[in-house]
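Chemist: The sequence shown begins at 1 in full-length UniProt numbering and counts up one residue at a time.
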Amino acid sequence: MNGATMVTADIQLSIIVPVKDEEEAIFPFVTRVSAILEALFPGARRPAWEILFVDDGSCDATLAAILAANRADRRVRAVSLSRNFGKEAALSAGLDHACGHAIIPMDVDLQDPPEVIGAMLDKWREGHEVVYGVRGNRETDSLPKRLTADLYYRAHNWLSSDKIPEHAGDFRLLDRQVVEVIKRMPERNRFMKGMFAWSGFRQAAVYYDRAPRAVGTTKFNYWKLWTLALDGITSGSTLPLRIWSYVGVVIALFSIVYAVFLMVRTLLFGADVPGYASMMTAILFLGGLQLISLGVLGEYVGRILVEAKARPLYVVRQTIGMEGDAAVAPDHGAAEPDPAALPGPPVRAAR
Numbered sequence: 001m002n003g004a005t006m007v008t009a010d011i012q013l014s015i016i017v018p019v020k021d022e023e024e025a026i027f028p029f030v031t032r033v034s035a036i037l038e039a040l041f042p043g044a045r046r047p048a049w050e051i052l053f054v055d056d057g058s059c060d061a062t063l064a065a066i067l068a069a070n071r072a073d074r075r076v077r078a079v080s081l082s083r084n085f086g087k088e089a090a091l092s093a094g095l096d097h098a099c100g101h102a103i104i105p106m107d108v109d110l111q112d113p114p115e116v117i118g119a120m121l122d123k124w125r126e127g128h129e130v131v132y133g134v135r136g137n138r139e140t141d142s143l144p145k146r147l148t149a150d151l152y153y154r155a156h157n158w159l160s161s162d163k164i165p166e167h168a169g170d171f172r173l174l175d176r177q178v179v180e181v182i183k184r185m186p187e188r189n190r191f192m193k194g195m196f197a198w199s200g201f202r203q204a205a206v207y208y209d210r211a212p213r214a215v216g217t218t219k220f221n222y223w224k225l226w227t228l229a230l231d232g233i234t235s236g237s238t239l240p241l242r243i244w245s246y247v248g249v250v251i252a253l254f255s256i257v258y259a260v261f262l263m264v265r266t267l268l269f270g271a272d273v274p275g276y277a278s279m280m281t282a283i284l285f286l287g288g289l290q291l292i293s294l295g296v297l298g299e300y301v302g303r304i305l306v307e308a309k310a311r312p313l314y315v316v317r318q319t320i321g322m323e324g325d326a327a328v329a330p331d332h333g334a335a336e337p338d339p340a341a342l343p344g345p346p347v348r349a350a351r
């Protein structure tokens, strides 16, 4: 697969920041992160780092704020998607367009402190290809969110062979070698934390306390988190499908034992077998199990349909600060339109 950009020898670090409707957060993020990166790469004659925003179909002035930041500092760049494709697709777009030898995805809300970047770089220079951040104090998250997160990590790691470190999010350092592996993975239903875990390599952890959100409000809700959780489980494990085979075997054995019990009770003791109530209970119970199993099967079939359609994972509307400001898509087999034949800003399809 051809990557979206070639690695620039002088750029050591790329910070990838997916954003949607975050106009208030752009300048605080750039100001704080730029100061930290300047201290980490002092005296560089050429840009040693870049901040790459991925605008995931924002409806406010987020893109205008990014453009203003780019005019103030050319190391601030952006990829603007044609619509909202979701955070996982936006993160993939960032990985496709990042130029650095090391890449760190992080959120614009500054809950994951950028001061940890220095510790991540130290681990990377020691030879680790993946350095993931582990959230210690999560008191800034609500109690329901903390409880559901704990439950999800346990369930995912029980169901999937790709173990995700508990309380580790997308905030991590990835070596260029890891990024190239991720870019070769063709699936459309993406759960990036699972893909990072699957890739392997030498991994290390850095620990930090999560801060309150600097500005604005979160764009995630519990329905989106539930959808992401389903994507994570179905993309990383077939055990939910196998479970229903085991459930069927258990119910069949129980039915045989219960049938023998009723026969012995009736033939030897002459006891009447209760009819309507027991029959309805069994029918409703088995009907409920069948509907649940069909729902699980439907989740996998729906994802097979998405993969079979093979649509681009995302579509780039325009780029800011890139060479020629023209997006180049990774080659996943989709035809790329000719920009000269299109009105308006350059358009590229990418997966």
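The C-beta atom is built at its ideal place from N, Cα and C for all residues, glycine as well.
1) Starting from ASP175 and walking both ways along the alpha helix (DSSP H), at which residues does that stretch end?
2) Ignoring anything shorter than 4 residues, give me the alpha helix (DSSP H) runs that lie fully in the segment 91-134, in order along the chain.
3) If we count Cβ pairs, one from each stretch, closer than 8 angstroms, do we get three or more for the segment 78-93 versus the segment 45-61?
4) Along the beta strand (DSSP E) that carries LEU13, what are the first and last residues, could you check?
5) What separation, rounded to the nearest whole angstrom, lies between the Cα atoms of PRO330 and ARG311?
6) Measuring CA to CA, which of PHE191, ASP109 and ILE292 is closest to GLU88?
7) How should ILE16 be labelled, buried or exposed, when 16 other C-beta atoms within 10 angstroms of its C-beta is the threshold for buried?
8) Let me know the secondary structure DSSP gives GLU23 once reduced to three states.
9) If you reduce the DSSP assignment to three classes, tell me which class ALA61 lands in.
10) So the candidates are GLY86, ALA35, PHE85 and LEU91; which of them puts its Cα closest to the Cα of ARG75?
11) Quick one, are the C-beta atoms of ILE182 and LEU95 less than 8 angstroms apart?
12) Decide if ALA93 is buried, meaning its Cβ has at least 16 other Cβ atoms within 10 Å, or exposed.
13) What separation, rounded to the nearest whole angstrom, lies between the Cα atoms of GLY133 and PHE171?
14) Throw me the rounded Cβ distance for the VAL206 and MET120 pair, which I believe falls under 8 angstroms.
Modeler: According to the structure data:
1) Where ASP175 is concerned, there is no enclosing alpha helix (DSSP H), although the beta strand (DSSP E) it sits in stretches over 168-175.
2) 117-125
3) yes
4) Segment 13-19, the beta strand (DSSP E) holding LEU13.
5) For PRO330, the predicted structure reports a pLDDT of 44, less than 50, and the residue's modelled location is therefore unreliable. A value from the coordinates is still provided. Those two C-alpha atoms are separated by around 13 angstroms.
6) PHE191
7) Buried, because 16 or more other Cβ atoms sit within 10 Å of the Cβ of ILE16.
8) coil
9) In the structure shown, ALA61 sits in coil (DSSP, three-state: anything other than H, G, I, E or B).
10) ALA35
11) For the 8 angstroms CB-CB criterion, ILE182 and LEU95 form a contact.
12) Classification of ALA93: buried, given that the 10 Å Cβ count is 16 or more.
13) 6 angstroms
14) Going by Cβ atoms, the distance from VAL206 to MET120 rounds to 6 angstroms, so yes, they are a contact pair.
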